[in-house]
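Engineer: Handing you this structure, nothing more for now.
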Ligand code: SF4
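Residue numbers (this note's numbering): 540 to 715.
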């Protein structure tokens, strides 16, 4: 219990530092140093806590901007609708879903993401998002175990973003 309270305080401190850093930085720095440290700290704790769980108890949450903007397929209902054409990483995530039996949701917003987590009741969430959403999401979800992965804004914010499949698979490989 005491450990959890202490951890909550550390998360609060990090969260405040991220907000302060964001407020006073002159230009928008993608994934600021303090955010990276926070995510690294969080992910280390989460992996320690979750090393004994099965990969099938994992839910992966993705932002909609990961899907290619011109793709007409409705992967927000289910990523099974993806035809794996290779224009975005949704197809690679679908392969991970089949290989590790994880549950995956491409969420268009926080409400849908929360609904998905309520339904799937995962032991571990791997959440992909931009710095702002990821830090806030991990902080809000505490003490739920959420492993954070920054998405890559290779075409600017919220448009045809990218992610590291390698990083996500390395987490799944560490589990049972
Ligand atoms: S990989 Fe899937 S979601 Fe992405 S563009 Fe191709 S069909 Fe659409």
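We put the beta carbon where it would ideally sit given N, CA and C, even for glycine.
1) For residue 642, which residues in the same chain have their Cβ closer than 6 Å to its Cβ, ignoring the five residues on either side in sequence?
2) With burial defined as no fewer than 16 other Cβ atoms inside 10 Å of the residue's Cβ, what is the status of residue 624: buried or exposed?
3) Under 7 Å between the Cβ atoms of residue 684 and residue 663?
4) Pop quiz: residue 543 and residue 682 are said to be a contact at Cβ under 8 Å. What is the actual Cβ separation, rounded to whole angstroms?
5) Which residues neighbour the ligand SF4 when neighbourhood means a C-beta less than 7 Å away from any of its non-hydrogen atoms? List them by chain order.
6) On the DSSP letters alone, give me the boundaries of the alpha helix (DSSP H) that residue 585 sits inside.
7) Under 8 Å: do the segment 625 to 633 and the segment 593 to 609 share three or more Cβ pairs, one atom per stretch?
8) Please state the DSSP three-state secondary structure of residue 614.
9) Relative to the C-alpha of residue 707, which candidate in 691, 687, 698, 650 has its C-alpha closest?
10) Specify, as a first and last residue, the run of the alpha helix (DSSP H) that residue 555 falls within.
Structural biologist: Once the coordinates are examined:
1) If we look at residue 642 and ignore the five residues flanking it on each side, its Cβ neighbours are 598, 659.
2) Exposed, by the Cβ-count rule.
3) The answer is yes: Cβ separation under 7 Å.
4) In this structure residue 543 is in contact with residue 682, their Cβ atoms being roughly 6 Å apart against a cut-off of 8 Å.
5) Applying a distance threshold of 7 Å between residue Cβ atoms and the heavy atoms of the ligand SF4 selects 606, 607, 610, 612, 614, 621, 622, 623, 624, 625, 626, 627, 629, 630, given in chain order.
6) It spans 572 to 589 - the alpha helix (DSSP H) in which residue 585 sits, taken as one unbroken run.
7) Contact holds: three or more Cβ-Cβ distances are below 8 Å.
8) Three-state DSSP puts residue 614 in coil, outside helix and strand.
9) It is 687 whose Cα lies nearest to the Cα of residue 707.
10) According to the DSSP assignment, residue 555 belongs to the alpha helix (DSSP H) that extends over 541 to 563.
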